[in-house]
Amino acid sequence: MYLIRIVNKFYALVLASCLSCTIKKEHQIPKLVVLISVDQMRGDYMSRYRSDFNGGLKYLAENGQSFLNTHHNHANTSTAPGHATIATGCHPSNNGITNNSIYYRNTQKSHYSILDTSINFVGITNCTLPKSSAKNLLKPSIGDIVKSYNPKSKSYSVSLKDRASILMGGHDANRAFWFDATSTQMVSTDYYAEPFPDWVKNYLGKEVMADDVAMGWLLHPKIRTTYDLYIDSIYQENGFFKPKFPHNLTHSTNQNDKDVGNFLWNTPFGDHFVLKFAMKLIENENLGISNHTDVLTVGLSAADYIGHGFGPDSYEVADYYYKLDQYLLEFINYLNKKIGQENYILTLTSDHGVAPFPELTHHHESQGERISQQKFQQDIDSIDATIQRELNLNEPSIIAASGYRGVEPNFKVISNPDIDSVKLVNHIQKHLKNLDYIQETVSFIDINNPSCNKLFIEKMRNSYNPNYGYFIKIIGKKNYLIGYKYNGTTHGSPLCYDTHVPLLFLGTNIQSRQVKDTAYTVDIAPTLLDYIGIEYDRIFDGNKLNLILK
Ligand SMILES: [Zn+2]
Numbered sequence: 045m046y047l048i049r050i051v052n053k054f055y056a057l058v059l060a061s062c063l064s065c066t067i068k069k070e071h072q073i074p075k076l077v078v079l080i081s082v083d084q085m086r087g088d089y090m091s092r093y094r095s096d097f098n099g100g101l102k103y104l105a106e107n108g109q110s111f112l113n114t115h116h117n118h119a120n121t122s123t124a125p126g127h128a129t130i131a132t133g134c135h136p137s138n139n140g141i142t143n144n145s146i147y148y149r150n151t152q153k154s155h156y157s158i159l160d161t162s163i164n165f166v167g168i169t170n171c172t173l174p175k176s177s178a179k180n181l182l183k184p185s186i187g188d189i190v191k192s193y194n195p196k197s198k199s200y201s202v203s204l205k206d207r208a209s210i211l212m213g214g215h216d217a218n219r220a221f222w223f224d225a226t227s228t229q230m231v232s233t234d235y236y237a238e239p240f241p242d243w244v245k246n247y248l249g250k251e252v253m254a255d256d257v258a259m260g261w262l263l264h265p266k267i268r269t270t271y272d273l274y275i276d277s278i279y280q281e282n283g284f285f286k287p288k289f290p291h292n293l294t295h296s297t298n299q300n301d302k303d304v305g306n307f308l309w310n311t312p313f314g315d316h317f318v319l320k321f322a323m324k325l326i327e328n329e330n331l332g333i334s335n336h337t338d339v340l341t342v343g344l345s346a347a348d349y350i351g352h353g354f355g356p357d358s359y360e361v362a363d364y365y366y367k368l369d370q371y372l373l374e375f376i377n378y379l380n381k382k383i384g385q386e387n388y389i390l391t392l393t394s395d396h397g398v399a400p401f402p403e404l405t406h407h408h409e410s411q412g413e414r415i416s417q418q419k420f421q422q423d424i425d426s427i428d429a430t431i432q433r434e435l436n437l438n439e440p441s442i443i444a445a446s447g448y449r450g451v452e453p454n455f456k457v458i459s460n461p462d463i464d465s466v467k468l469v470n471h472i473q474k475h476l477k478n479l480d481y482i483q484e485t486v487s488f489i490d491i492n493n494p495s496c497n498k499l500f501i502e503k504m505r506n507s508y509n510p511n512y513g514y515f516i517k518i519i520g521k522k523n524y525l526i527g528y529k530y531n532g533t534t535h536g537s538p539l540c541y542d543t544h545v546p547l548l549f550l551g552t553n554i555q556s557r558q559v560k561d562t563a564y565t566v567d568i569a570p571t572l573l574d575y576i577g578i579e580y581d582r583i584f585d586g587n588k589l590n591l592i593l594k
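45 is the number of the first residue of the sequence shown in the working numbering; add one for each residue after it.
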């Protein structure tokens, strides 16, 4: 903790020295910033399901400013880098969170990007979740910056997922909370200095959501009749639940997963619980009622689990957004009543998108394929054998390979003075590119070559830190899942379906309109800080967006 506090003090110094001035705003400075990230919400969902929205998403679309062409401008489109980017306004190459799991070249091992064995859980006994903190986040979050500007400001973060909550909260959050499926309690750690609130111990998911759990997840009848979605009986749609509704505890596919906590993780009810918890947090910690700005970040993670299991073209994803629309109406109504419409700004975005099921891409313009881990490993072994022969090596040329995360050459071979290291990397890249499911490869050599103009090179540069990550990154062809499971779908590429996310700002003086100019998720933090009157743009990779006011 001592070290962490020193790091935080260092940030405080940096923050104080960077803070140039505060701007007088013509509009009223909000008392609460609410930043919501719906995990895996693709940029096209707002328009795709629009006709069915009758609640909070409709309210946001009709009253907020929507940036229709918003993308993550980094290649590794996964949860940890997505949330770190949203919160800090800096690319993963600078915020230090380049992936969910990061490969360290010196140990040749991968670790959870937010792993921190020095911390302990508080407010709960025997929590078996991974120990994690924001210590590896190299930039301040929006909450950190707001608090450095005014120490009276409060900053809280909440999500089912630890990485979403921790990384959006940053270093100096009053507290970040995340979900423990075993107890169904929101938990936290001693990384945060304040006492753990007692009310949280009694606010349990299994009790708050008991009626929904008993009823099970049922498809709203409107969904099946409204959308031309594909049949939900293909066997790849077989994750936590069997393919077809109803989804309840007895329909889980995994006998060990028949518990309420995991049921909440895998249904819209988990995210409803998070929003209910967020309202309780506003109430009990008195957010948004003083003469300074507080920050609340909310990660809705069940959306990601449902999307992984059933895919973006499923009834389940459509039904999730139908229900989220209702949950957000309840949340916005609460904010309007408790905080007042003129006293908050709400931003909605996402940490990444998702690829369709390859099995369903005959409906798309570009037919994809699922490349199993076994097939991918066979191809890597075959490339390795060829290169060993070509370069007359006695050792493997490749020591690790993992789908989107890429391929690691054997540096023992590269450090052999008889082998030209550039030649070895080039050989591996050439053979990888010959695989019919790979469209490009990008190595650290490419990234460091200013004249390299390979596909997605800018996004690659924004995802890479020289100290970690596989040396050669693979970009699959559109609609291909490489080295993935037999079921479900995923994200993690620089392709449009993974980078395109929604971005909406709601505030009483923000004009309702749709903006088609390209925006990036690194623009969110500078835009919000500008809106609340803090001039602080020198550390960001993003730019403040031009919010058009009434
Ligand atoms: Zn995911």
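Ideal placement from N, C-alpha and C gives every residue a C-beta, glycine not left out. Quick caveat, the model's predicted, so the values are computed rather than measured.
Exercise for the section: Could you work out which residue in N194, S176, Y364 is closest to L263 when comparing CA atoms only? Expected result: Y364
Practice task
Using a threshold of 9 Å, state whether the C-beta atoms of R149 and E452 are closer than that.
Solution key: yes
Problem - Start and end residues, beta strand (DSSP E) containing L525 - result: 525-528
Exercise for the section: Helix, strand or coil for E238, going by three-state DSSP, please let me know. Expected result: coil
Handout entry: Residue closest to K245, alpha-carbon to alpha-carbon, out of Y349, W222, Y235
Key = W222
Exercise for the section: Compute the minimum distance between the beta carbon of D348 and the heavy atoms of ligand 1, and state whether it is under 8 Å. Expected result: yes
Handout entry: Any non-hydrogen atom of ligand 1 within 8 Å of D315 CB
Key = no
Handout entry: Selection from I186, F111, L159, E70 that minimises the alpha carbon distance to L572
Key = I186
Exercise for the section: Helix, strand or coil for I442, going by three-state DSSP, please let me know. Expected result: strand
Problem - Y118 CB to nearest heavy atom of ligand 1 below 8 Å - result: The sequence given here has His at residue 118, not Tyr. Flag unset: Cβ of H118 not near ligand 1.
Problem - CA-to-CA distance, H316 to L368, given in whole angstroms - result: 8 Å
Exercise for the section: Just the C-alpha distance for C65 and Y193, rounded to the nearest angstrom, thanks. Expected result: Summary for C65: the model assigns pLDDT 46, below 50, so the residue's position carries little reliability; its value from the coordinates is reported in the next sentence. About 10 Å.
Practice task
Please indicate yes or no: does the CB of V361 lie closer than 8 Å to some heavy atom of ligand 1?
Solution key: no
Practice task
Measuring alpha carbon to alpha carbon, tell me which of H71, L525, K198, L248 ends up nearest G332.
Solution key: K198
Problem - Boundaries (first-last residue) of the alpha helix (DSSP H) holding V257 - result: 254-259
Exercise for the section: Answer yes or no: the CB of G351 versus the heavy atoms of ligand 1, is any distance below 8 Å? Expected result: yes
Problem - Per-residue burial, K467 [other beta carbons within 10 Å of its own, 16 or more giving buried] - result: exposed
Practice task
Using alpha carbons as the reference points, say which of P461, R433, N436, Q473 lies closest to A445.
Solution key: Q473
Handout entry: E238 versus N218: straight-line alpha-carbon distance, rounded
Key = 7 Å
Problem - Residue burial classification, T393 (beta-carbon count within 10 angstroms, cutoff 16) - result: buried
Handout entry: According to DSSP, residues forming a beta bridge with T552
Key = Per DSSP, none; premise fails for T552.
Problem - Boundaries (first-last residue) of the beta strand (DSSP E) holding K560 - result: 557-564
Exercise for the section: In angstroms with no decimal places, state the Cα-to-Cα distance between I163 and I592. Expected result: 43 Å
Exercise for the section: Figure out for me which residue from M504, S154, I415 has the closest Cα to the Cα of K529. Expected result: I415
Handout entry: Validate contact between the stretch 314-328 and the stretch 169-179 using beta carbons, cut 8 Å, 3 pairs
Key = no
Handout entry: Spatial distance of G351 from V559 (CA atoms)
Key = 27 Å
Practice task
May I ask you to check if the CB of S145 is nearer than 8 Å to at least one heavy atom of ligand 1?
Solution key: no
Exercise for the section: Alpha carbon to alpha carbon, how far is S209 from V231? Give it in angstroms, no decimals. Expected result: 11 Å
Handout entry: Cα-Cα separation, A225 to L173
Key = 9 Å
Practice task
Following the continuous alpha helix (DSSP H) through H352, name the residue where it begins and the one where it ends.
Solution key: 346-354
Handout entry: Cβ-based burial, E484 [other Cβ within 10 Å; buried from 16]
Key = buried
Exercise for the section: Quick one: using the 10 Å Cβ neighbour count with 16 as the cut-off for buried, is H406 buried or exposed? Expected result: exposed
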